[in-house]
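Student: I have a structure here, written as structure tokens, and I will follow up with some questions on it.
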Amino acid sequence: MIQFGTNPIAWANDDDQSLGADIPTSRILEEAGRLIGFDGIENGHRWPQDDPEALRALLAGYGLTFISGWHSLNLLAHSVDDEKRAIQPHLDKLAHNGCKVAIACETSNSVQGLDQPLGTRPVLDAAGMRDFGAKVEEVAAYSAAQGIDLVYHHHMGTVVQSPEDIDAFMAATGPATKLLFDAGHCYFGGGDPEAVLKKHVGRVRHFHAKNVRPAVRAKVEAEGWSFMDGVRGGVFTVPGDQEGAIDFTPLLKILAANGYDGWIVIEAEQDPAVRNPLLYQTLGLATLKRIARETGLI
């Protein structure tokens, strides 16, 4: 069953918590659940982090279910056993809330949260990617044994950013490792979202519907902005925004043709003081539902 969700970073950013700091938590949930009508929402720093039942109850009060949440892997710095222990509380929280996927990304050497150009991001050579992929696969198998698919999030500023990185990573991992396909990060990282999704759709278990403003992306590259400079500058937006470059129709066609069964999540962080989350998220959901009907996804 296709379900539509959002992420609270549209209202209150996790990496730069000054963005949306004035927005009450109740407003985020009221708008996402009751006003816009999303089925669920991903994790954010405003939610209870160490009490899975409190998390479930909070979201349920607004008609929302907990979709999943980001987990930072540190496999390039720690052992696989250490990482299994580190992810276990997260898996317990997901299991309590009936989640089917665990979102993971390697952050031990990422520049995504640093005040330095995206062009300085780390890159693994072929041998390094093979070793890294083998370690991710071990953690993914550990997660799968508990009934939760580990979905790896290719992400700007990390070792899996470009379409070539995605290809190499998918080749280096095995069947337990699934992919979180993020249309925005794919485009921002130099990929053709349609081509990349078509190539890897068989292992896609989670979908982030993020759009990109190409004019801002060009500034990020030309002027050496950091990832968060790009976010604050408005590089990301929602499906349906005419300033965005990504056509979601072919992407949802691919999902429909391959029997995708899972969440489609609008994870599009913007400065809420500049771009009203209620308006943009409403536009994004209406656009995705229209395309989903037209393509036979729903």
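For our numbering, count along the sequence shown from 1 and bump the result up by 49.
Virtual Cβ for every residue (Gly too), placed ideally from N, Cα, C.
Computed from a prediction, not measured in an experiment: that's the story for all the values here.
(1) Go to Ser137, then tell me how far its alpha helix (DSSP H) extends in each direction, as first and last residue.
(2) On the DSSP letters alone, give me the boundaries of the alpha helix (DSSP H) that Glu155 sits inside.
(3) Can the beta-carbon of Ile152 be found closer than 8 Å to that of Ser117?
(4) Identify every run of the beta strand (DSSP E) within the stretch 192–253, keeping only runs that are complete inside it and at least 3 residues long; order them along the chain.
(5) Should Gly345 be labelled buried (16 or more other beta-carbon atoms within 10 Å of its own) or exposed?
(6) Enumerate, from N- to C-terminal direction, the unbroken alpha helix (DSSP H) stretches of 4 or more residues contained entirely within the stretch 57–121.
(7) Under a three-way DSSP split, which group does Gln330 fall into?
(8) What three-state label does DSSP hand Val287 in the structure shown?
(9) Could you give the residue range of the alpha helix (DSSP H) that holds Thr298?
(10) What do you get for Asn260, buried or exposed, if any count of 16 or more other CB atoms within 10 angstroms of its CB means buried?
(11) What distance in whole Å lies between the Cβ atoms of Leu104 and Asn146, which are believed to be in contact at a cut-off of 8 Å?
(12) Tell me, which residues are paired with Gly54 by DSSP?
(13) Return the first residue and the last residue of the alpha helix (DSSP H) that Lys268 is part of.
(14) Which residue's Cα is closest to the Cα of Asp180: His202, Gly283, Trp312, Met219?
(15) Throw me the rounded Cβ distance for the Phe87 and Phe115 pair, which I believe falls under 8 Å.
(16) From the DSSP secondary-structure annotation, give me the bridge partner or partners of Phe256.
(17) My understanding is that Ile90 touches Leu113, with C-beta atoms under 8 Å, so please give their C-beta distance in whole angstroms.
(18) Going by other Cβ atoms of all chains shown within 10 Å of its Cβ, with 16 needed for buried, is Ser128 buried or exposed?
(19) With a 10 Å radius around its C-beta and 16 neighbouring C-beta atoms as the bar for buried, classify Val121 as buried or exposed.
(20) Less than 7 Å between C-beta atoms, sequence neighbours within five positions excluded: which residues of the same chain meet that for Arg266?
(21) What would DSSP say about Tyr281, mapped onto helix, strand or coil?
(22) With a Cβ-Cβ cutoff of 8 Å, do Thr222 and Glu272 count as a contact?
(23) If contacts are defined as beta-carbon pairs under 8 Å, then Ile197 and Cys154 qualify, I think. What distance do you get, rounded to the angstrom?
(24) Assuming His202 and Leu167 form a contact by the criterion Cβ under 8 Å, report the distance between their Cβ atoms to the nearest whole angstrom.
(25) Which residue wins for smallest C-alpha separation from Leu143, given the options Leu124, Tyr111, Asp99?
Tutor: Let me lay it out:
(1) For the purposes of this step, residue 137 is identified with residue 88 of the sequence shown, where counting begins at 1. Position check: residue 137 holds Gln in this sequence, whereas Ser was assumed. Note, Gln137: alpha helix (DSSP H), 129–145.
(2) Indexing the sequence shown from 1 puts residue 155 at position 106. Note, Glu155: premise wrong, no alpha helix (DSSP H); beta strand (DSSP E) at 150–155.
(3) Here residue 152 refers to the residue found at position 103 when the sequence shown is read from its first residue. Here residue 117 refers to the residue found at position 68 when the sequence shown is read from its first residue. Yes. Within cutoff.
(4) Whole beta strand (DSSP E) segments, 3+ residues: 198–202, 226–231.
(5) Taking the first residue of the sequence shown as position 1, residue 345 is located at position 296. Counting the other CB atoms within 10 Å of its CB gives Gly345 a total below 16, which places it among the exposed residues.
(6) 74–78, 101–109
(7) Here the question's residue 330 lines up with position 281 in the sequence shown. Three-state result, Gln330: helix.
(8) Indexing the sequence shown from 1 puts residue 287 at position 238. Three-state DSSP puts Val287 in coil, outside helix and strand.
(9) For the purposes of this step, residue 298 is taken as the residue at position 249 of the sequence shown. Residues 297–306.
(10) Locating residue 260 in the sequence shown gives position 211, where the first residue counts as 1. Of the residues assessed, Asn260 falls on the buried side of the cut-off, its CB having 16 or more other CB atoms within 10 angstroms.
(11) As a first step, residue 146 must be located in the sequence shown, where it is residue number 97. As a first step, residue 104 must be located in the sequence shown, where it is residue number 55. Between Asn146 and Leu104 a beta carbon distance of about 7 Å is seen, short of the 8 Å cut, so the two are scored as contacting.
(12) On the sequence shown, residue 54 is found 5 positions in, with the first residue counted as 1. Per DSSP, Gly89, Val314.
(13) Taking the sequence shown and counting its residues from 1, the one referred to as residue 268 is at position 219. Start and end: 263–272.
(14) In the sequence shown, the residue the question calls residue 180 occupies position 131. Cα-wise, what sits closest to Asp180 is Met219.
(15) Stepping through the sequence shown from its first residue, residue 87 is reached at position 38. Stepping through the sequence shown from its first residue, residue 115 is reached at position 66. That belief does not hold up - the Cβ atoms of Phe87 and Phe115 are roughly 12 Å apart, past 8 Å.
(16) As a first step, residue 256 must be located in the sequence shown, where it is residue number 207. Answer is Phe230, Ile313, bridged to Phe256.
(17) Residue 90 sits at position 41 when you count from the first residue of the sequence shown. Residue 113 sits at position 64 when you count from the first residue of the sequence shown. In this structure Ile90 touches Leu113 by the C-beta definition: roughly 5 Å separates them, less than 8 Å.
(18) In the sequence shown, residue 128 corresponds to position 79, counting from 1. With fewer than 16 other Cβ atoms within 10 Å, it is exposed.
(19) Here residue 121 is taken as the residue at index 72 of the sequence shown, counted from 1. Looking at the sequence provided, one finds Ser at residue 121 rather than Val. So Ser121 ends up on the exposed side.
(20) Taking the sequence shown and counting its residues from 1, one reaches residue 266 at position 217. Closer than 7 Å at the Cβ level, and outside the excluded window around Arg266, lie Phe237, Val284.
(21) Along the sequence shown, one-based indexing puts residue 281 at 232. Correcting the residue type first, residue 281 is Arg in the shown sequence and not Tyr. Helix.
(22) In the sequence shown, residue 222 corresponds to position 173, counting from 1. In the sequence shown, residue 272 corresponds to position 223, counting from 1. For the pair Thr222 and Glu272, the CB atoms are not nearer than the 8 Å cut-off.
(23) In the sequence shown, counting from the first residue as 1, residue 197 sits at position 148. In the sequence shown, counting from the first residue as 1, residue 154 sits at position 105. Incorrect: roughly 16 Å between the Cβ atoms, too far for contact.
(24) Reading the sequence shown from its first residue, position 153 is the one you call residue 202. Reading the sequence shown from its first residue, position 118 is the one you call residue 167. Actually they are not in contact, since the Cβ atoms of His202 and Leu167 sit about 16 Å apart, beyond 8 Å.
(25) Looking up residue 143 in the sequence shown gives position 94. For the residues Leu124, Tyr111, Asp99, the minimum Cα distance to Leu143 belongs to Asp99.
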